[in-house]
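A.B. asks: Okay, here's the structure, questions in a sec.
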Amino acid sequence: MRAENVARFPFPPHGRIPNFAGAEVAALRLLEIEPWKSATAIKVNPDSPQRPLRAEALRRGITVFVPTPRLRGGFKKFDPRRIPLDEIEKAA
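Put into structure tokens, the structure is as follows:
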């Protein structure tokens with residue numbers, strides 16, 4: 005990913021779910037295919053490249069569950085009905 009200049013912070017891209025240029029487009033594309041398109045709730049990892057997916061899902065009214073580190077605290081539930089539109093990016 006670094007050789008192709010698509011890796012984004014955090015570095016290095018290996019040993020984790022890598023952040024990459026195009027994560028925003030990937031999120032939009034994912035939410036246009038089934039079963040994601042008709043989902044009312046999804047589980048999304050807390051990693052950086054999935055931030056656009058979490059934000060777009062919330063904007064579309066989809067409840068988002070995010071696991072806490074090592075599941076010590078279970079899952080955090082993000083209910084889009086309780087998040088003001090101008091706070092979605094921050095919540096994601």
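Each position in the sequence shown, counted from 1, maps to that position plus 4 in my numbering.
For glycine and all other residues, C-beta sits at the position ideal for the given N, C-alpha and C.
Could you compute how far the alpha carbon of Ala43 sits from the alpha carbon of Val68?
C.D. replies: Whole-angstrom Cα-Cα distance: 10 Å.
A.B. asks: Nearest to Ile87 by CA position, among Leu35, Gly65, Ala7, is which residue?
C.D. replies: Answer by Cα proximity: Gly65.
A.B. asks: Sorry if obvious, but does the Cβ on Leu75 come closer than 7 Å to a heavy atom of the ligand FMN?
C.D. replies: This structure does not include the ligand FMN; it has no bound ligands of any sort.
A.B. asks: Within 10 angstroms of its Cβ, does Ala31 collect 16 or more other Cβ (buried), or is it exposed?
C.D. replies: With 16 or more Cβ atoms within 10 Å of its Cβ, Ala31 is classed as buried.
A.B. asks: Tell me, which residues are paired with Lys81 by DSSP?
C.D. replies: Paired residue(s): Phe69.
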